[in-house]
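Undergrad: Following UniProt numbering, the numbering of the sequence shown begins with 1 at its first residue and continues without gaps. Here a beta-carbon is modelled for each residue, glycine too, at the ideal position from N, C-alpha and C. Predicted model only: the values in this text are computed from it and were never measured.
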Amino acid sequence: MVNEVVRLDNSRHAFTPFIILISLMLLLPMVVLLYEGYGYLISAFTSTLFIEGVVVTLLGAMIAAALTLILGLPTAYAISRGLIPRPIDNIVGGLLTSPLTIPHTIVGLSLLILVSPISPIPIIRRLPFVDTIWGLVAAYFIVSAPITIGALRQVFDGLDPVYEYVGLTLGLSQWGVFLRVVIPMARRELISSFLLSWGRSISEFGSIVILAYYVINPPLFNYVYPLPILIWYTYEVYGLPLALGYASASLIISIIIIVLIELISGGTTKFKLW
């Protein structure tokens with residue numbers, strides 16, 4: 001037994017090179033970006049274009065995250081507890097994971113067609129989704145929902161169902177157990193999942209470049225670029241230096257969100273695919 005413990009202790013560093021390598025691959029581009037762009041940070045943070053972009057991006061992401069949480073909570077709970085009959089649960093799981101594998105430009109294009117005059121569904125033709133905050137929210141919702149629901153499902157998988165059985169025996173309905181027992185037990189993880197959805201949304205580019213290249217919702221927003229679009233547009237039109245400032249400032253905001261997620265979750269953020 002002692003020899004086995006010693007062998008395990010001696011081999012704990014066997015995977016260190018892989019951890020260091022992948023950490024460098026992930027961190028190095030961001031560190032270099034901040035190093036090259038820190039001189040432009042003040043001009044970026046004081047730019048009206050950037051401030052408006054931050055507001056529209058964070059607001060759209062916040063609305064999408066709230067919508068994801070409202071719809072995703074009961075969905076993730078039902079899947080976790082096997083409340084969806086087979087084979088419908090497999091179909092639902094496939095639908096929820098499809099945005100993870102479908103190119104996000106397809107998501108944007110499909111939403112654009114859905115609300116266009118050629119849409120096969122007359123009732124939703126010409127909905128105010130193109131170049132509006134609502135189109136931004138719709139795109140954010142579709143690309144962030146699978147990640148958030150996956151995280152919520154694993155949260156519910158980790159909860160002891162005995163308390164739910166007690167609630168049912170005391171006369172609570174399934175919805176009563178969900179609202180009065182499950183939600184309070186997982187409130188910390190729910191906040192973490194909200195921030196996870198929020199953080200994923202603000203990084204989206206592929207779908208919104210088609211559906212909401214800029215946001216027009218007078219008097220609040222008049223041709224306001226979401227942050228990823230603003231960085232790309234600035235790089236294409238004005239060149240690297242100005243884009244560096246916007247990119248570095250956006251990266252700092254993203255890092256703050258990541259830190260908040262880890263602080264709230266206690267470093268136990270959970271996510272798994274179906």
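So what does residue 216 bridge to, in DSSP terms?
TA: Counted from its first residue, the sequence shown places residue 216 at position 216. 222, per the DSSP bridge assignment.
Undergrad: When the Cα of residue 96 is compared with those of 43, 178, 152, which residue comes out closest?
TA: For the purposes of this step, residue 96 is taken as the residue at position 96 of the sequence shown. Considering only alpha carbons, the answer is 152.
Undergrad: I need the boundaries of the alpha helix (DSSP H) containing residue 99, first residue and last residue.
TA: Along the sequence shown, read from residue 1 onward, the residue named residue 99 stands at position 99. Where residue 99 is concerned, the enclosing alpha helix (DSSP H) stretches over 88 to 101.
Undergrad: Check whether the region 224 to 236 touches the region 202 to 214, counting contact only when three or more Cβ pairs, one atom from each stretch, lie closer than 8 Å.
TA: Flag = yes, the region 224 to 236 and the region 202 to 214 touch.
Undergrad: Please confirm if the region 211 to 226 is in contact with the region 128 to 143, defined as three or more CB-CB distances below 8 Å between the two stretches.
TA: Because the criterion of three Cβ pairs below 8 Å is met, the region 211 to 226 and the region 128 to 143 touch.
Undergrad: Buried or exposed for residue 273, please, with buried defined as at least 16 other CB atoms from any protein chain shown within 10 angstroms of its CB.
TA: Translated into the one-based positions of the sequence shown, residue 273 becomes position 273. Only weak support exists for where residue 273 lies, its pLDDT of 42 falling under 50; the coordinates are left without a value.
Undergrad: In chain order, what residues of the same chain have a beta carbon less than 7 Å from the beta carbon of residue 130, not counting five sequence neighbours either side?
TA: Sequence index remark: in the sequence shown, residue 130 carries index 130 (1-based). The answer, listed in chain order, is 112, 115, 211.
Undergrad: Tell me whether residue 104 sits in a helix, a strand or coil according to DSSP, three-state version.
TA: For the purposes of this step, residue 104 is taken as residue 104 along the sequence shown, with counting starting at 1. Here residue 104 sits in helix by DSSP.
Undergrad: With the cut-off set at 9 Å, would you say residue 146 and residue 190 are in Cβ contact?
TA: Here residue 146 is taken as the residue at index 146 of the sequence shown, counted from 1. Here residue 190 is taken as the residue at index 190 of the sequence shown, counted from 1. No. Outside cutoff.
Undergrad: Quick check: the Cα distance between residue 140 and residue 19, rounded to an integer number of angstroms?
TA: Locating residue 140 in the sequence shown gives position 140, where the first residue counts as 1. Locating residue 19 in the sequence shown gives position 19, where the first residue counts as 1. The straight-line gap from Cα to Cα measures roughly 31 Å.
Undergrad: Where does residue 221 land, buried or exposed, given buried means 16+ other C-beta within 10 angstroms?
TA: What you label residue 221 is simply residue 221 of the sequence shown in a count that begins at 1. With 16 or more other Cβ atoms within 10 Å, it is buried.
Undergrad: Going by the beta-carbon positions, is the gap between residue 239 and residue 37 smaller than 9 Å?
TA: If you number the sequence shown from 1, residue 239 lands on position 239. If you number the sequence shown from 1, residue 37 lands on position 37. Cβ distance not < 9 Å, so residue 239 and residue 37 don't count as in contact.
Undergrad: Using CA atoms only, rank isn't needed, just tell me which of 165, 250, 34 is closest to residue 177.
TA: One-based indexing of the sequence shown puts residue 177 at position 177. Selected option, being the one with the closest Cα: 165.
Undergrad: What distance in whole Å lies between the Cβ atoms of residue 77 and residue 156, which are believed to be in contact at a cut-off of 8 Å?
TA: On the sequence shown, residue 156 is found 156 positions in, with the first residue counted as 1. On the sequence shown, residue 77 is found 77 positions in, with the first residue counted as 1. About 5 Å separates the two Cβ atoms, so the contact holds.
Undergrad: Rounded to whole angstroms, what's the CA-CA distance from residue 235 to residue 118? Just pull it up for me.
TA: As a first step, residue 235 is located in the sequence shown; it is residue number 235 there, counting from the start. As a first step, residue 118 is located in the sequence shown; it is residue number 118 there, counting from the start. C-alpha separation (whole angstroms): 34 Å.
Undergrad: Within the region 167 to 222, note down every full beta strand (DSSP E) run reaching 3 residues or more, in order along the chain.
TA: Correct list: 215 to 217.
Undergrad: Is the separation between the beta-carbon of residue 92 and that of residue 102 shorter than 9 Å?
TA: Here residue 92 refers to the residue found at position 92 when the sequence shown is read from its first residue. Here residue 102 refers to the residue found at position 102 when the sequence shown is read from its first residue. Not closer than 9 Å, so no.
Undergrad: Look at the alpha carbon of residue 216 and the alpha carbon of residue 52, and state the distance between them as a whole number of angstroms.
TA: By one-based count along the sequence shown, residue 216 stands at place 216. By one-based count along the sequence shown, residue 52 stands at place 52. Answer to the nearest angstrom: the Cα atoms are 12 Å apart.
Undergrad: List in chain order: all unbroken beta strand (DSSP E) runs of 3+ residues lying wholly within the region 38 to 96.
TA: The qualifying runs do not exist here; there are none.
Undergrad: Go through its chain and collect everything with a Cβ distance to residue 196's Cβ below 7 Å, but skip five positions before and after it.
TA: The residue you call residue 196 lines up with position 196 of the sequence shown. 147, 148, 151, 261, 269, listed in sequence order.
Undergrad: To which residues of the same chain is residue 271 closer than 6 Å at the C-beta, ignoring the five residues directly before and after it?
TA: Stepping through the sequence shown from its first residue, residue 271 is reached at position 271. Here the model assigns residue 271 a pLDDT of 47, short of 50, so the residue's position is not dependable, and the following value carries that caveat. So the list reads 150, 151, once near-sequence residues are dropped.
Undergrad: Ignore the nearest five residues each way along the sequence and tell me which others in residue 30's own chain have a CB closer than 7 Å to its CB.
TA: Locating residue 30 in the sequence shown gives position 30, counting from the first residue. Taken in chain order, the residues that qualify are 251.
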